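Here the structure is laid out as structure tokens; the discussion comes afterwards.
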Amino acid sequence: MDKKHPPTGSTMVEKILAARAGQEKVKPGELVNVTVDLALGNDVTAPVAIKEFSRFALDQVFDPDKIVLVPDHFTPNKDIASAEQAMVVRRFAEKYSINNYFEIGRMGIEHALLPEQGLVWPGAVIIGADSHTCTYGALGAFATGVGSTDLAAAMATGEAWFKVPPTLQFIFSGTLPEWVSGKDLILHTIGQIGVDGARYKAMEFTGPVIDNLSMDGRLTMCNMAIEAGGKCGYVQPDGITFQYLEGRVTKLYQSVYSDSDVEYEKVFHFDISNLEPQIAFPPSPDNVRPVSEAGNIKIDQVVIGSCTNGRIEDLRIAARVLQNKKVHPRVRLIVFPATQHIYRQAIEEGLISIFVEAEAAISTPTCGPCLGGHMGILARGEKALSTTNRNFVGRMGHPESEVYLCNPAVAAASAVVGRIVHPREVV
Amino acid sequence: MILEGRIWIFGDNIDTDAIIAARYLNTSEPQELAAHLMEDIHPEFPGLVEPGDIIVAGQNFGCGSSREHAPLAIKGAGISCVIARSFARIFYRNAINIGLPILECPDDLSMLQEGRDRLQVDLDEGKITAPGSGLVYRAIPFPPFMQELIGRGGLIEYVKSRLQK
Ligand code: SF4
């Protein structure tokens with residue numbers, strides 16, 4: 000790594016965008032056209048992009064190695080219509096020799112999969128036709144969600160247009176209390192600034208707490224930048240980043256850092272020494288309360304998984320809570336390891352046995368219930384507690400069902416008790 | 000271009016799950032999607048909406064998932080324009096990219112009444128008029144790059160013309 004000190008006063012994101020637009024410097028609000036390192040689509044968004052791409056009548060994509068296709072939303076195919084959508088993606092990947100196509104049995108939820116496969120590195124520009132593409136900022140990349148038409152254009156040209164975002168800085172100080180994790184930091188942040196508090200903006204997460212936060216925790220935080228309306232979230236590369244990248248990314252990359260004399264649009268200071276696990280009540284991720292103020296909420300289903308909290312650290316903490324316990328007789332617990340690799344790791348570490356012994360259902364990696372797709376849909380009036388990222392009306396099933404969001408420890412403990420509780424009530 | 004239509008009023012933070020629920024994402028046909036537009040928050044809406052109607056909404060319209068199916072469903076229902084106090088950024092891009100007219104209007108439109116008021120929209124000038132009361136509202140004009148995108152009929156046509164060069 001070599002730390003660069005170009006002209007004063009630019010953020011990490013501004014520097015990445017400037018470099019890729021071939022400019023010395025960019026300012027918030029400026030429109031730039033940049034080259035992308037990776038363009039991502041899934042089985043819901045890629046079919047629309049492929050249809051649009053066909054309008055170019057091209058016999059090749061700009062670079063087959065810079066396109067990633069992950070059928071994860073309705074796979075394993077949930078019905079005939081989704082099977083046909085998945086087939087459109089598979090055929091496209093074959094036709095255009097896209098090697099980064101991940102079939103079930105080898106795949107994972109896109110935003111857990113790409114970092115794990117070494118497809119994300121500091122300084123990279125990544126667009127994805129999926130709003131949670133912002134996850135990759137955890138590795139010091141500029142990554143943001145776009146639409147299917149944007150993906151179609153990028154597959155043809157290798158470029159995308161952006162408005163340079165202003166940046167909000169979030170400084171977390173204090174020490175992380177037990178059972179409190181990256182999920183709680185981001186829920187707390189969204190609770191403070193609201194679901195449009197960072198609309199069109201970049202969110203820089205920093206401070207002593209972030210310096211010590213695991214990569215899994217950072218990925219969870221950046222994943223939910225979009226829930227505050229953010230264009231991207233990021234953590235600047237450090238020792239934890241480089242350790243994560245070792246053995247995954249072999250190409251040379253250039254880490255980029257915000258200057259010390261940056262003028263942020265706003266700076267937020269959060270001392271989190273007394274932060275409790277946070278719960279986002281329906282129907283919005285900013286409707287956040289500490290778990291002690293949750294009241295007596297009985298739950299019917301608990302979901303542990305997704306691109307937010309389906310990584311190995313999440314499964315470890317859930318297993319720690321569930322060890323030698325049984326899920327409450329009235330509750331259904333569904334655990335989704337986020338990738339095939341994490342699934343295998345969980346088997347090797349004995350976590351899956353703990354879940355099965357506790358009477359949880361385990362699923363192959365899929366988005367499944369996170370978006371109300373399949374594998375755990377809610378009936379009218381049911382309540383779910385979930386480690387996912389959205390709790391909008393009807394998100395997990397019937398419009399009159401409800402979703403509460405939390406960290407994996409709270410989810411596991413609540414599955415045992417049958418209502419929303421602090422993990423210390425169980426462990 | 001000048002549009003005129005009946006208005007439908009929605010609040011703040013209307014997310015793309017509300018615009019079109021994920022259970023309908025196994026198709027991308029605008030007509031099929033339109034049959035379920037706003038269904039979870041306004042079950043009768045798909046049956047009531049008519050071509051030319053205008054959606055008037057609050058802050059952060061289209062937040063949440065990046066699904067382009069949301070503006071496609073709106074377009075499929077024949078909605079001529081969406082006017083909101085502000086839009087979530089991916090929805091904003093998507094609408095422009097597929098050529099769905101949208102306008103950001105910071106003026107207070109809360110006195111407008113659904114089922115009674117109509118609006119006239121001048122897209123080029125960014126002017127919104129209520130023919131009943133004669134009140135005029137100002138929308139934020141698009142930057143020139145986006146005007147060019149819209150003028151060419153969306154991103155695909157824009158890129159096509161660049162690829163041909
Ligand atoms: S797990 Fe949920 S939030 Fe993540 S990509 Fe899948 S549907 Fe989207």
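Protein chains in written order, with numbering that gives the first Met the number 0: chain A, 0 to 426; chain B, 0 to 164.
We put the CB at the ideal spot given by N, CA and C, even for glycine.
Remember, it's a predicted structure, so these values are computed and weren't measured experimentally.
- When the beta-carbon positions are compared, residue 14 (chain B) and residue 63 (chain B) come within less than 8 angstroms of each other.
- Under the 8 angstroms criterion on CB atoms, residue 158 (chain B) is classed as interfacial with respect to chain A.
- Beta-bridge analysis with DSSP links residue 282 (chain A) to no other residue.
- In the DSSP secondary-structure assignment, residue 426 (chain A) is not bridged to any residue.
- Residues of the region 14–39 of chain B with a Cβ closer than 7 angstroms to any Cβ of chain A, in chain order: 14, 16, 17, 20, 21, 22, 24, 25, 26, 27, 39.
- Shown in chain order are the members of the region 376–391 of chain A whose Cβ falls below 9 angstroms from a Cβ of chain B: 376, 389, 391.
- Under the 10 Å beta carbon count, residue 132 (chain B) is surrounded by fewer than 16 other beta carbons and is classified as exposed.
- Inter-segment contact for the region 146–163 of chain A and the region 397–417 of chain A is absent: fewer than three beta-carbon pairs are separated by less than 8 angstroms.
- One thing to note: residue 132 (chain A) has its Cβ no nearer than 8 angstroms to the Cβ of residue 148 (chain A).
- Listed in chain order, the beta strand (DSSP E) runs fully inside the region 27–84 of chain B are 53–56, 80–83, counting runs of at least 3 residues.
- The beta carbon of residue 334 (chain A) sits no closer than 8 angstroms to any beta carbon of chain B.
- Of all alpha-carbon atoms in A:115, A:8, A:258, the one lying nearest the alpha-carbon of residue 214 (chain A) is that of A:115.
- For residue 68 (chain B), the Cβ stays outside the 7 angstroms cut-off from all heavy atoms of ligand 1.
- Among the residues facing chain A, residue 142 (chain B) is included, as its CB has a counterpart in that chain under 8 angstroms away.
- Residue state for residue 202 (chain A) is assigned as strand, using DSSP reduced to three classes.
- Per DSSP, the continuous alpha helix (DSSP H) segment holding residue 50 (chain A) begins and ends at 45–53.
- Distance from the CA atom of residue 227 (chain A) to the CA atom of residue 194 (chain A), rounded to whole angstroms, is 4 angstroms.
- Residue burial is scored here from C-beta neighbours: residue 105 (chain A) has fewer than 16 other C-beta atoms within 10 angstroms and is therefore classed as exposed.
- Residue contact check for residue 73 (chain A) against chain B: a CB pair falls below 8 angstroms.
- Contact note: residue 138 (chain B) does not reach chain A at a C-beta cutoff of 7 angstroms; the least C-beta distance is about 17 angstroms.
- Listed in chain order, the alpha helix (DSSP H) runs fully inside the region 152–229 of chain A are 181–192, 207–210, 214–222, counting runs of at least 4 residues.
- Under the DSSP assignment, residue 308 (chain A) falls in the alpha helix (DSSP H) whose first and last residues are 305–308.
- Contacts between residue 51 (chain A) and chain B, judged by CB atoms closer than 7 angstroms, involve 155 in chain order.
- In the three-state reduction of the DSSP assignment, residue 64 (chain A) falls in the helix class.
- The beta carbon of residue 10 (chain A) does not come within 8 angstroms of any beta carbon belonging to chain B, so the residue lies off that interface.
- Closer than 7 angstroms to some heavy atom of ligand 1: that does not describe the Cβ of residue 74 (chain A).
- In this structure the region 73–83 of chain B touches the region 112–123 of chain B; the number of beta carbon pairs closer than 8 angstroms is three or more.
- Take residue 161 (chain B), set aside five residues on each side of it, and no residue of its chain has a beta-carbon closer than 8 angstroms to its own.
- Taking residue 33 (chain A) as reference, the option from A:24, A:17, A:47 with the minimal CA-CA separation is A:17.
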